[in-house]
Amino acid sequence: MISAYFEPFRAAALVEVQYRAAALAGIVTQFAFGWIRMEIFVAVLVKASASAAAQPLALSLRQTTDYIWLGQAFLMLLFTWRVPALREVVRSGALGVELLRPVDCYGFWYAQSLARVLVPCALRAVPMLAICLATGLLHPPVSIEAGLWTAISLAMAFLLSTALAMLVSTAALWLVAGDGIAALVPGFLWSLSGVIVPLAFLPDWLRTVAEALPFAGLMDTPLRLYVGAITLDQAAGPLLRQALWTVALIALGWAAVQRGLRQAEIAGG
């Protein structure tokens, strides 16, 4: 039974591996923007620290730069709009063929989408992490335990990103095209995941709201675990919240697909 879902994952992964030139271009771009972001935050934090009325920083300078570079390495986690497995199927009229498969449709499409999230991200993240660690741009995790929890959190972030992409793409079952909703989601992702501004630097009320939403689990939670901003004693809450959002979005996506398939109309000719 597992092989029925591994095969679509493997097939989609083999397709994504072919885009090595795109991955190389992405690495260069992510390094360029990472450097710009690092310079901006370093300038702001140095000035804030030098102020006579300086308050303790939510993240230290070292934690902030590590947060930035780790976020740049895993930036593709936020590109959920490029994972349109379900939208492609509906738009092309291939939905009828997909329904003939003797497997759960949501599970089949989720496996495809997971490969589309995981492989492009890995093609960029692995070289970037190696270069950043070798050059001192990125420091190792604060402890072995922090590194382990970060790895677990990143694994859940991939599942969460895929679940979010699948939930958004189910709009194609009701709309002529699901592109409109897919275009709205990145604004929330980039604003509330911590990739633009670490959530620790947001006002208390906004940080509380952002941490309660699923977007924080895509980037902020694993990054703050890595840099030690979330201590091991505090890790249970964010990790549990990340896991609950992953399960909830998968359940919502599955239910939306089942309901959408019951009323879907397939046109062709």
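Just so we're on the same page, the working numbering is the position in the sequence shown counted from 1, plus 99.
Heads up, the beta-carbon is just placed ideally off N, CA and C, and yes, glycines get one too.
Note that the structure is predicted; figures quoted are calculated from it, not measured.
Helix, strand or coil for residue i per DSSP?
{"i": "S148", "result": "helix"}
{"i": "M137", "result": "helix"}
{"i": "M318", "result": "coil"}
{"i": "P302", "result": "coil"}
{"i": "I280", "result": "helix"}
{"i": "F178", "result": "coil"}
{"i": "R358", "result": "helix"}
{"i": "P297", "result": "coil"}
{"i": "F173", "result": "coil"}
{"i": "A121", "result": "helix"}
{"i": "D165", "result": "helix"}
{"i": "A112", "result": "helix"}
{"i": "L291", "result": "helix"}
{"i": "A193", "result": "coil"}
{"i": "L185", "result": "helix"}
How many angstroms separate the CA atom of residue i from the CA atom of residue j?
{"i": "M318", "j": "A262", "result": "15 Å"}
{"i": "A112", "j": "T345", "result": "22 Å"}
{"i": "P226", "j": "C220", "result": "11 Å"}
{"i": "I81", "j": "A120", "result": "Summary: the structure shown does not reach residue 81, with the chain confined to residues 100 through 368, and so no result is reported for it."}
{"i": "I349", "j": "A131", "result": "35 Å"}
{"i": "E310", "j": "R358", "result": "30 Å"}
{"i": "C145", "j": "Q162", "result": "Sequence inspection shows Val at residue 145; the Cys mentioned does not correspond to that position. Computed Cα separation, rounded: 13 Å."}
{"i": "R200", "j": "R136", "result": "47 Å"}
{"i": "E106", "j": "Y209", "result": "12 Å"}
{"i": "V114", "j": "S148", "result": "48 Å"}
{"i": "V143", "j": "I126", "result": "26 Å"}
{"i": "R361", "j": "L305", "result": "39 Å"}
{"i": "S252", "j": "L338", "result": "7 Å"}
{"i": "L156", "j": "A264", "result": "34 Å"}
{"i": "D203", "j": "L343", "result": "22 Å"}
{"i": "S102", "j": "L160", "result": "46 Å"}
{"i": "T307", "j": "F300", "result": "11 Å"}
{"i": "L213", "j": "P239", "result": "27 Å"}
{"i": "A250", "j": "L324", "result": "9 Å"}
{"i": "Q329", "j": "D303", "result": "Here residue 329 is Ile; the residue named in the question, Gln, does not match the sequence. In a straight line, the C-alpha of I329 is about 16 Å away from that of D303."}
{"i": "W273", "j": "A354", "result": "14 Å"}
{"i": "L185", "j": "G235", "result": "41 Å"}
{"i": "G352", "j": "V188", "result": "16 Å"}
{"i": "V141", "j": "E197", "result": "51 Å"}
Where do the N-terminal and C-terminal ends of the alpha helix (DSSP H) with residue i fall, by residue?
{"i": "L274", "result": "No alpha helix (DSSP H) contains L274, which DSSP labels as neither H nor E."}
{"i": "G246", "result": "243-268"}
{"i": "A214", "result": "204-234"}
{"i": "L158", "result": "Element bounds for L158: n/a, residue is neither H nor E."}
{"i": "L237", "result": "L237 -> no alpha helix (DSSP H), and no H or E assigned at all."}
{"i": "L331", "result": "Per DSSP, L331 belongs to no alpha helix (DSSP H) and is neither H nor E."}
{"i": "R199", "result": "Looking at the sequence provided, one finds Leu at residue 199 rather than Arg. From DSSP, L199 is part of no alpha helix (DSSP H); its letter is neither H nor E."}
By Cβ distance below 7 Å, which residues in the same chain neighbour residue i in space, the five residues on each side in sequence not counted?
{"i": "F314", "result": "F287, L288, L291, S292"}
{"i": "G133", "result": "I167, W168, Q171"}
Can you list, in chain order, the residues of its chain with a C-beta nearer than 8 Å to that of residue i? Leave out the 5 residues immediately preceding and following it.
{"i": "A151", "result": "Note that A151 scores 46 on pLDDT, short of 50, meaning its location in the model is unreliable; the coordinates nonetheless yield the value given after this. None."}
{"i": "L177", "result": "S260, P285, L288, W289, S292, V294, L317, M318"}
{"i": "A224", "result": "A172, F173, M175"}
{"i": "S242", "result": "G327, L331"}
Tell me which residues share the same chain as residue i and place their Cβ nearer than 6 Å to its Cβ, disregarding the 5 neighbours each side in the sequence.
{"i": "C231", "result": "W168, L237"}
{"i": "Q341", "result": "M255, G316, T320"}
{"i": "L331", "result": "E244"}
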